[in-house]
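Working notes, beginning with the structure itself.
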Amino acid sequence: PVEGAVAVGRVGATTAVPVHWGTFWPVGLRHVMRANHHRLFTTPGDRFVTALGASDQGAVPLLAKQGERVVL
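Note that the working numbering has the sequence shown beginning at 42, numbered continuously upward.
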């Protein structure tokens with residue numbers, strides 16, 4: 042998420058929609074690796090929005106729920 046926020050600044054984007062985080066998580070792995078499940082599958086979008094806001098780049102993050110349509 043932090044590296045993604047840095048990339049937004051490097052390309053000069055004014056809007057950023059984080060995608061492809063947590064899209065694949067093998068069945069049952071949540072029970073084996075709980076901390077990784079939360080860090081890699083649940084929170085990356087929120088952490089990206091936080092990192093982008095802290096970067097003071099002026100880019101607007103749009104965090105859509107899974108399956109939600111985003112109109113730019």
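Positions of the beta carbon are idealized from the N, C-alpha and C atoms, including for glycine.
Residue interval of the alpha helix (DSSP H) (run including L93):
Its alpha helix (DSSP H) spans residues 85-95.
Neighbourhood of T43 by C-beta, 6 Å cutoff - its chain only, sequence neighbours within 5 removed:
Per the sequence shown, the amino acid found at residue 43 is Val instead of Thr. Same-chain partners within the cutoff: A92.
DSSP three-state label for V47, please.
helix
Report yes if the CB atom of L113 is closer than 9 Å to the CB atom of T56, and no otherwise.
L113 is a Cβ neighbour of T56, given a cutoff of 9 Å.
Residue interval of the alpha helix (DSSP H) (run including R75)
Where R75 is concerned, the enclosing alpha helix (DSSP H) stretches over 75-78.
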